[in-house]
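Step one of this worksheet: look at the structure below.
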Amino acid sequence: MPKKLLQHIPFYLYLAVVSLIILYPIFLMFKISASHPADIMKPHKDLLWGPAGITLEHWHNVFTSGLLLPSLFKSLLVATMVMILAILIAAPAAYVISRVGSPFKYLFIISLFISRTFPEVAIALPVSVVFLHWNLLDTSFGLILAHLIKVLPYVGWILIGTFEAIPRSLEEASSVDGASKIRTLRKVIFPLSLPGVAVAAMLVWLESWNEFTYALYLTVSENTLPLQTYYYVNRGGIFNSAAYATIITLPVIILTFILQRYITSGMLAGGVK
Numbered sequence: 001m002p003k004k005l006l007q008h009i010p011f012y013l014y015l016a017v018v019s020l021i022i023l024y025p026i027f028l029m030f031k032i033s034a035s036h037p038a039d040i041m042k043p044h045k046d047l048l049w050g051p052a053g054i055t056l057e058h059w060h061n062v063f064t065s066g067l068l069l070p071s072l073f074k075s076l077l078v079a080t081m082v083m084i085l086a087i088l089i090a091a092p093a094a095y096v097i098s099r100v101g102s103p104f105k106y107l108f109i110i111s112l113f114i115s116r117t118f119p120e121v122a123i124a125l126p127v128s129v130v131f132l133h134w135n136l137l138d139t140s141f142g143l144i145l146a147h148l149i150k151v152l153p154y155v156g157w158i159l160i161g162t163f164e165a166i167p168r169s170l171e172e173a174s175s176v177d178g179a180s181k182i183r184t185l186r187k188v189i190f191p192l193s194l195p196g197v198a199v200a201a202m203l204v205w206l207e208s209w210n211e212f213t214y215a216l217y218l219t220v221s222e223n224t225l226p227l228q229t230y231y232y233v234n235r236g237g238i239f240n241s242a243a244y245a246t247i248i249t250l251p252v253i254i255l256t257f258i259l260q261r262y263i264t265s266g267m268l269a270g271g272v273k
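Numbering (the numbering used here), first residue to last: 1 to 273.
Following this line, the structure appears as structure tokens:
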């Protein structure tokens with residue numbers, strides 16, 4: 001066996017153990033959602049690993065209840081719109097902050113951190129009262145606005161660091177070549193910032209997709225998927241709850257797979273050269 005391969009064996013073993021720890025709860029969740037109650041309720045621990053009878057009864061119950069699709073579509077709509085609006089709002093502001101002098105820059109960054117120190121419940125209650133007066137209660141638009149309150153500060157924080165990593169000499173070189181400021185931003189700065197934007201977009205989407213507090217305060221009839229799952233868990237139906245939890249997890253895996261190609265290290269390497 002090559003010496004290089006032997007040196008990497010501890011790393012691969014560590015990676016396998018960590019992957020197993022992360023993936024086992026997902027496997028267990030899916031297994032419960034597709035198993036007969038009699039198989040899961042047996043007092044034998046090895047049944048959690050071994051094969052058991054497969055049934056789609058719990059998935060059928062979830063899909064035929066008439067509650068899944070409205071919740072799923074609302075969560076997808078809200079999370080996607082929050083992601084798009086957060087990037088459109090935060091990216092220009094983060095670029096400007098990254099290019100101002102140090103004292104003002106740090107003041108803005110500290111302000112972003114301070115805005116996230118307040119408990120969500122303390123913010124959600126007055127927001128729900130205001131939204132009630134604005135007729136935004138139980139609307140997707142109201143939920144989108146509420147989620148933006150939560151995600152904009154740390155999106156700005158992530159993107160400030162992203163734009164700071166882009167050397168100013170690239171902008172100067174583009175200006176020397178005759179490009180306008182807008183063209184430099186469009187052709188140089190924003191393409192180079194794609195990894196940071198992808199990370200921010202993924203985190204925003206996940207935060208909105210999993211958000212519970214604002215959904216609880218601002219939703220009356222049309223629940224989001226996390227809220228609907230909570231109601232199933234609260235009733236004690238572990239099998240239907242496992243099916244709901246699996247459905248919540250699938251879009252997260254798909255989004256991560258789509259955006260992971262942008263999250264690469266060293267994309268800026270050699271940019272100045």
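Ideal placement from N, C-alpha and C gives every residue a C-beta, glycine not left out. This one's a predicted model, so the numbers in the text were calculated from it and none came from an experiment.
- Around the Cβ of K181, a 10 Å sphere holds fewer than 16 other Cβ atoms; the residue is exposed.
- With contact defined as three or more Cβ pairs closer than 8 angstroms, the region 88-100 and the region 56-73 are not in contact.
- Residue nearest to T224 within the set I238, I248, V204 is I248 (criterion: CA-CA distance).
- Rounded to whole angstroms, the gap between the alpha carbons of N135 and Y14 is 53 angstroms.
- Contact annotation: the region 112-122 does not touch the region 184-201, with fewer than three C-beta pairs closer than 8 angstroms.
- DSSP lists I54 as the bridge partner or partners of S35.
- In this structure, S169 lies away from L77, with their beta-carbon atoms at least 8 angstroms apart.
- N240 sits buried, since 16 or more C-beta atoms from the chains shown fall within 10 Å of its C-beta.
- In the structure shown, S193 adopts coil according to DSSP, grouped into three states.
- In the structure shown, S19 falls within a helical segment according to DSSP collapsed to helix, strand and coil.
- In this model, S174 and I158 are separated by some 25 angstroms (Cα to Cα).
- Note that the C-beta distance between M83 and V204 is below 8 angstroms.
- G142 counts as buried, since no fewer than 16 other beta carbons sit within 10 angstroms of its beta carbon.
- The alpha-carbon of Y231 is positioned some 46 angstroms away from that of F104.
- The three-state reading of DSSP puts F212 in coil, since its state is none of H, G, I, E or B.
- At the C-beta level, T229 and Y217 stay beyond 8 angstroms of one another.
- Considering only H36, I160, V220, the residue with the shortest C-alpha distance to L107 is I160.
- For W134, the three-state secondary structure derived from DSSP is coil.
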